[in-house]
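Asks:
Protein chains: 4
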Amino acid sequence: MKKELFSRENHKEDTIIKIGNEEIIGNNKIMMIAGPCSVESEEQIIEIAKRVKESGANFLRGGAFKPRTSPYDFQGLKEEGLKLLTKAKEETGLKIVSEIVSIEDIELFDKYVDVIQIGARNMQNFDLLKKVSKLNKPIILKRGLCATIKEWLMAAEYILNEGNPNVILCERGIRTYETATRNTLDLSSIPVIKKLSHLPIIVDPSHAGGQKYLIEPLSKAAIAIGCDGLIIEVHNHPEKALSDGEQSLTPTMYNDLCQNIKPLINIMNKKI
Amino acid sequence: MKKELFSRENHKEDTIIKIGNEEIIGNNKIMMIAGPCSVESEEQIIEIAKRVKESGANFLRGGAFKPRTSPYDFQGLKEEGLKLLTKAKEETGLKIVSEIVSIEDIELFDKYVDVIQIGARNMQNFDLLKKVSKLNKPIILKRGLCATIKEWLMAAEYILNEGNPNVILCERGIRTYETATRNTLDLSSIPVIKKLSHLPIIVDPSHAGGQKYLIEPLSKAAIAIGCDGLIIEVHNHPEKALSDGEQSLTPTMYNDLCQNIKPLINIMNKKI
Amino acid sequence: MKKELFSRENHKEDTIIKIGNEEIIGNNKIMMIAGPCSVESEEQIIEIAKRVKESGANFLRGGAFKPRTSPYDFQGLKEEGLKLLTKAKEETGLKIVSEIVSIEDIELFDKYVDVIQIGARNMQNFDLLKKVSKLNKPIILKRGLCATIKEWLMAAEYILNEGNPNVILCERGIRTYETATRNTLDLSSIPVIKKLSHLPIIVDPSHAGGQKYLIEPLSKAAIAIGCDGLIIEVHNHPEKALSDGEQSLTPTMYNDLCQNIKPLINIMNKKI
Amino acid sequence: MKKELFSRENHKEDTIIKIGNEEIIGNNKIMMIAGPCSVESEEQIIEIAKRVKESGANFLRGGAFKPRTSPYDFQGLKEEGLKLLTKAKEETGLKIVSEIVSIEDIELFDKYVDVIQIGARNMQNFDLLKKVSKLNKPIILKRGLCATIKEWLMAAEYILNEGNPNVILCERGIRTYETATRNTLDLSSIPVIKKLSHLPIIVDPSHAGGQKYLIEPLSKAAIAIGCDGLIIEVHNHPEKALSDGEQSLTPTMYNDLCQNIKPLINIMNKKI
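For the record, the sequence lines run as chains A, B, C and D. Residue numbering for the first sequence follows this note's numbering, beginning at 930 and increasing consecutively. Residue numbering for the second sequence follows this note's numbering, beginning at 930 and increasing consecutively. Residue numbering for the third sequence follows this note's numbering, beginning at 930 and increasing consecutively. Residue numbering for the fourth sequence follows this note's numbering, beginning at 930 and increasing consecutively.
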């Protein structure tokens, strides 16, 4: 039987993903992505970018096209948002991570974005997966809210099968009956993925926990269990954020988190 | 606060959907959709179409663009599949229901399809929802595998908000821990939807149960609880089907089902 | 391999359960159980008993020992509650169903109760199952909140294996992520159980739905899918009930429900 | 409103539990419990006890009364099993943890066991909780398979409310749709519990993961997120174990695990 491209049986060594000559994840390199849920203004994104860079982040995240449960919620600044991310990149040197939601925006993402995120709702939007793959940029593939690990890997296979090997999986919590947390972060998925696949995997404690106080403990657990990176929502004024304020850290809280996980990263023989 | 367009508070009467002057659902009209998971050949689709029409179906379903968990599984005959559906329509008069998976195919669906289905995986593919809405054709919106009823209604709102009022909701089972059935058909969603919304709702017992013997009892329960239609997989050779054979009825079984649910449809004061 | 006693492979015919010479369930006999969540007073239980009997119920339910999530919630009238149920039985002739929660109460249940209920929380309290079995009274075994159908049948096996064949399964909803209903009534479990087992199965729409307006539609669906009975909460003053008021029907609503399901019971070739 | 006894609002400091004068958990003391799922023989339990003690365990677990899904599965050596645990205690000094399943066994547990475990299936067996509380021994209360954190704390309240403050919560995974692991270890519950309650909490990675290779990574994550102990299944011949062999570590694997988590325990400023 044909072995899937994601399978570790096909490819024993961990995948290392590069942008240009720079290794961004894999080979014990931890990817630290931080930034607001939504890009809201130049001032906002630049201030946050500067602060998270000082704390140790190496990628800036920011949503420009926002998939929202309600059509009446803020849908993002769109191209303007991508331009503001580029300004923040020029200012800080941080590479840009942003979510794509339509194949019509592929050229914009090619122009402005370094790492393209596919959100949980679109994990099995196979049309989007296939067309985004063509850009050959690294793709963060978030786990669907009730995707099995096998379905998630098969979604990654849609990208790999188009000739783009640069897939980064992202565990962001699954939907369960428990309501004390926004979703249930399934940290077991990290060792399961590491056994089945050579692909790197990062963790999003912000969406999983849904509340500020959970981010640091979940981040520590994620590092200790062997993930390759963290994507964390940071906002300079969480109480005024246009989306996800309650789960956004302040820059100061993010700085503390970065300090507090360093000893764990060292123990795991990894580096940011 | 702005009341959503789906809300029964805004629109007391049940929505009735028409194609031309013909009422297809609502106003006690039951929509009976039947056909194979995938269109496979001219012979297959025409034979099935004839048989399900004889049994009482008024719509033919058939997948031409198939979203599959694995990229290596059969992905559908694509435009050729839509053409074959059209032949079956010419032969039988049955109107056509088929699933769209990419905004690039909108013109094809405009040309060949009477009722457009949005599958469970794409329930929150808002880009697709918005663009398909523009065709102004009736849209069957399947419930996402772990969508709450509220999220599902908000996805319908994306369509309504584009000016297309012809949304048919479709309960097709949710993902739970139970493995005796493929998914867990959440029949409670029908009275909940009827309370919250004026939109019609149909049930897909085939995908929910995942096994032939469950289709008829689930169909009876669906009618008794007040649904407005049934979408059922029928294949002339289920054992050779390219997808979903184990949950496809034979035309004879479908005929029995239609006979056996008639008394229930009468009791509910509805008609096919 | 040893075939389990619950298995239809061992016992082709449906189990019929009798009390004395009277068939209470099976052989197309529908068991209609109604009454309050908790026995609260003589006046309350006797009034409800009279009213539900007039509507067609043949069993009176009432909790005397209440397992409650919080130790500070009303825990039931205990033996006094069982005595009040007996008064209602003398007054109306309705047989008594009540839930046992401790092996220490077995003698009381032997004395006062006709059909013993094991609640969802105790489905795998194997000690209780084994000891209650010895009374040789019919036992209603509710499905655990996240029990698989297989685990539920294996719990029934603990009773059957003690020599008591009089097990009535009760589907009462499973725990899922959906919050629009208290639990998700898994009506698919009825045809699955009917295929795997000869045991009768009833449905509890009150606990599953958790809201009055859902009880009648869920009851209709339950009858249409082939269940052997309904256990429904009825209270003369739901707004003052010491427990579960929001999901209790008034006697008048219960009477309507009984009228409205009769045509369905007839179609299914069953009788109360 | 009455504040629950489990609440941190009532009791700011972490609970420290002692046996005699010895602190066993709380105050940065990590409880390391190890041993077989079932006590099978004197040779087995003594060998395992010696080996896990050498590795750093301070408690020996072993099931003598086994709640099993099937009545035909091995149900434990019962009193004989408790006696063998006592021999292992005499030999090694390890204190004994074992699960109680019936109120009839309370005297035996009083005599032979140091810390009494309430299993997941009995989390809401309130009768058992209340009666076991009277012994005033420390009680490990496992989370029910689909218990919310709130329900779990309310079950603890049944114990606390009887005057026994020595409750140790145990996260052991919840039931979800994911099948790659036996259950889904909900590590988020640790920071949630730490926020809501002063009670200590340990983690059972063996039952949650269900496979050997997952135990060590889950243990690391559990320590990093702030748990107060680990309960791990260890068997000298996992391939011959009468229960749970596939998730049991060998003594050598357990020794490695203890070595590998030490740096994490140090970072967390805790000690075994």
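Just so you know, even glycine gets a beta-carbon here, dropped at the ideal spot from N, CA and C. These numbers come from a predicted model, not from an experiment.
What are the residues of the region 1024 to 1051 of chain A that lie near chain B, defined by any Cβ-Cβ distance shorter than 8 Å?
Replies: Val1030, Ser1031, Ile1032, Glu1033, Arg1050 and Asn1051
Asks: Give me the chain C residues within the contact set of Asp1056/D, using Cβ-Cβ distance strictly less than 7 Å, ordered along the chain.
Replies: The contacting residues are Val1030 and Ser1031.
Asks: Have a look at Gly1155/C and Ile962/C and give me their C-alpha separation to the nearest angstrom.
Replies: 17 Å
Asks: How should Asn1195/B be labelled, buried or exposed, when 16 other C-beta atoms within 10 angstroms of its C-beta is the threshold for buried?
Replies: exposed
Asks: In angstroms with no decimal places, state the Cα-to-Cα distance between Lys1191/B and Gly1102/B.
Replies: Straight-line Cα distance between these residues: approximately 23 Å.
Asks: Tell me which residue opens and which closes the alpha helix (DSSP H) that Arg980/D is part of.
Replies: Glu971 to Ser984
Asks: Can you name, in chain order, every residue of its own chain whose Cβ lies under 7 Å from the Cβ of Met930/B, other than the five neighbours on each side?
Replies: Residue confidence for Met930/B is low, a pLDDT of 47 falling below 50, so the modelled location carries little weight; the figure read from the coordinates is stated next. The answer is none, since no qualifying residue turns up.
Asks: Using a threshold of 7 Å, state whether the C-beta atoms of Ile977/A and Asn1165/A are closer than that.
Replies: yes
Asks: Along chain C, in chain order, which residues have C-beta atoms closer than 7 Å to that of Arg1104/A?
Replies: Tyr1106
Asks: On the three-state DSSP scale, how would you describe Met930/B?
Replies: Residue placement at Met930/B is flagged as unreliable, the pLDDT there being 47, under the threshold of 50; a coordinate-derived value is accordingly withheld.
Asks: Using a Cβ cut-off of 7 Å, which residues of the region 958 to 988 of chain A contact any Cβ in chain B, in chain order?
Replies: none
Asks: Report all residues from its chain with a CB closer than 8 Å to the CB of Gly1139/C; omit the five preceding and five following residues, and keep chain order.
Replies: Hits under 8 Å: Thr1110, Arg1111, Asn1112, Glu1175 and Gln1176.
Asks: Kindly say whether Asp1185/A, judged by its beta-carbon, lies nearer than 7 Å to any beta-carbon of chain D.
Replies: no
Asks: Is Asp1157/D closer than 7 Å to Ile954/D when the C-beta atoms are compared?
Replies: yes
Asks: Closer than 7 Å, CB to CB, is Gln1206/B near chain A or not?
Replies: Coverage of chain B is limited to positions 930 through 1201, which leaves residue 1206/B absent and any answer about it impossible.
Asks: Any heavy atom of the ligand FMN closer than 6 Å to the CB of Lys1060/C?
Replies: Absence of the ligand FMN from the depicted structure is noted, as is the absence of any ligand whatsoever, leaving it without description.
Asks: Where do the ends of the alpha helix (DSSP H) carrying Gly949/A lie?
Replies: Here Gly949/A belongs to no alpha helix (DSSP H), and DSSP marks it neither H nor E.
Asks: Looking at the unbroken alpha helix (DSSP H) that takes in Val1026/C, where does it start and where does it end?
Replies: Careful: Val1026/C lies outside any alpha helix (DSSP H), inside the beta strand (DSSP E) at Lys1024 to Glu1028.
Asks: Which two residues bound the contiguous beta strand (DSSP E) that contains Ile1161/B?
Replies: Gly1158 to Glu1162
Asks: Express the C-alpha separation of Ile1047/C and Leu870/B in angstroms, rounding to a whole number.
Replies: Because residue 870/B is not part of the residues shown, which for chain B are 930 to 1201, the question remains open.
Asks: Looking only at C-alpha atoms, which of Thr1105/B, Met1182/B, Lys1063/B and Ile1160/B sits nearest to Cys1099/B?
Replies: Ile1160/B
Asks: Is there a Cβ of chain D sitting closer than 7 Å to that of Leu1095/C, yes or no?
Replies: Here the sequence assigns Asn to residue 1095/C, which means Leu is not the residue at that position. Chain D, which has no Cβ nearer than 7 Å to the Cβ of Asn1095/C, makes this no.
Asks: Buried or exposed, going by whether 16 or more other CB atoms sit within 10 Å of the CB of Glu1019/D?
Replies: exposed
Asks: Please confirm whether Pro1067/D and Ile946/D have their CB atoms less than 7 Å apart.
Replies: yes
Asks: Comparing C-alpha positions only, which one of Cys1187/D, Leu1147/D, Met1197/D and Phe935/D sits nearest to Glu983/D?
Replies: Cys1187/D
Asks: In terms of residue numbering, what span does the alpha helix (DSSP H) encompassing Lys1071/D cover?
Replies: Element bounds for Lys1071/D: not the alpha helix (DSSP H) but the beta strand (DSSP E), Ile1068 to Lys1071.
Asks: Is the Cβ of Thr1077/C closer than 7 Å to any Cβ of chain B?
Replies: Under the Cβ criterion of 7 Å, Thr1077/C is counted among the residues facing chain B.
Asks: For Cys1075/D, write down the residues that DSSP places opposite it in a beta bridge.
Replies: Answer is none; Cys1075/D lacks a bridge partner.
Asks: Could you pull the start and end residues of the beta strand (DSSP E) that Val968/B belongs to?
Replies: Element bounds for Val968/B: n/a, residue is neither H nor E.
Asks: Alpha carbon to alpha carbon, what distance is there between Asn1051/D and Leu1013/C?
Replies: 30 Å
Asks: Could you please give the first and the last residue of the uninterrupted beta strand (DSSP E) stretch that includes Glu1100/A?
Replies: Val1096 to Glu1100
Asks: Taking only runs of the alpha helix (DSSP H) that begin and end inside the region 1114 to 1200 of chain C, which ones reach a length of at least 4 residues, in chain order?
Replies: 1118 to 1125, 1134 to 1138, 1141 to 1154 and 1180 to 1196
Asks: On a Cα-Cα basis, can you pick out the residue from Asn1189/B, Leu1193/B and Leu1125/B that is closest to Ala1150/C?
Replies: Of Asn1189/B, Leu1193/B and Leu1125/B, the residue nearest in Cα terms is Leu1193/B.
Asks: Quick check on Thr1181/C: buried or exposed, where buried means 16 or more other Cβ atoms within 10 Å of its Cβ?
Replies: Exposed: under 16 other Cβ atoms inside 10 Å.
Asks: According to DSSP, is Leu1064/A part of a helix, a strand, or is it coil?
Replies: coil
Asks: In angstroms with no decimal places, state the Cα-to-Cα distance between Glu1162/B and Ser970/B.
Replies: If you take the alpha carbons of Glu1162/B and Ser970/B, they lie about 16 Å apart.
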